[in-house]
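Numbering (full-length UniProt numbering), first residue to last: 1 to 192.
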């Protein structure tokens, strides 16, 4: 039985929820973007976060997702989108801001990542199976003085993610959090 079956989800694309809203709000509030800025949203899903950033700023916003259905939906919403595994196809120093709401739910290692919704939500046994490689790679595409906004759940371990960010050469500051009955969501601002 897939996650789609268990949750009665009718889509192959992650749709905006509280985590998407928080990340979009933080980036839009903290960003003093101008038309020369380039912003990347990794793991765009529906394109909601990238679309909000694009509406609020004059910056060039690009979205990426591994899921071809997500790329198609984001494009349908008017968001410039490419199919990509994290930041792999992008040039060095290309982006002033990178935003990411990663798959962060801790999941049984025996789970099969056999559908797109499972991949959009499942963060592996510790919730960091996608976050860790992102932290290792994102510095390459970040422009000098660039910043990363990374959404993290208490289920994933905010302190652990901040520590891993430090190992990847970033300083991490929590700039927003929101509590829910089952988790607290935190947006970390990462900078070199």
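A virtual CB, placed ideally from N, CA and C, is assigned to each residue, including glycine.
Residues sharing a beta bridge with residue i, DSSP
i: residue 118; result: In DSSP, residue 118 forms no bridge with anything.
i: residue 167; result: None, per the DSSP bridge assignment.
i: residue 60; result: 38
i: residue 11; result: Answer is none; residue 11 lacks a bridge partner.
Assigned exposure category for residue i - 16 Cβ within 10 Å defines buried
i: residue 92; result: exposed
i: residue 51; result: buried
i: residue 181; result: exposed
i: residue 102; result: buried
i: residue 17; result: exposed
i: residue 43; result: buried
Alpha carbon of residue i to alpha carbon of residue j, nearest angstrom
i: residue 196; j: residue 37; result: Because the chain here runs from 1 to 192, residue 196 falls outside it and cannot be looked at.
i: residue 14; j: residue 184; result: 19 Å
i: residue 163; j: residue 40; result: 23 Å
i: residue 62; j: residue 98; result: 10 Å
i: residue 110; j: residue 57; result: 42 Å
i: residue 174; j: residue 189; result: 6 Å
i: residue 104; j: residue 83; result: 20 Å
i: residue 26; j: residue 179; result: 15 Å
i: residue 29; j: residue 168; result: 26 Å
i: residue 124; j: residue 118; result: 10 Å
i: residue 70; j: residue 86; result: 14 Å
i: residue 154; j: residue 176; result: 13 Å
i: residue 144; j: residue 77; result: 30 Å
i: residue 7; j: residue 66; result: Bear in mind that the predicted position of residue 7 carries a pLDDT of just 46, short of 50, making it too unreliable to give a figure here.
i: residue 72; j: residue 81; result: 8 Å
i: residue 53; j: residue 24; result: 7 Å
i: residue 151; j: residue 186; result: 6 Å
Range of the contiguous beta strand (DSSP E) that encloses residue i
i: residue 56; result: Where residue 56 is concerned, there is no enclosing beta strand (DSSP E), although the alpha helix (DSSP H) it sits in stretches over 48-56.
i: residue 100; result: 95-100
i: residue 86; result: Taken as a continuous stretch (DSSP letters only), residue 86 belongs to no beta strand (DSSP E), as it is neither H nor E.
i: residue 44; result: Run containing residue 44: none; DSSP gives neither H nor E here.
Residue i - containing alpha helix (DSSP H), residue span
i: residue 74; result: 68-76
i: residue 20; result: 18-30
i: residue 138; result: 131-141
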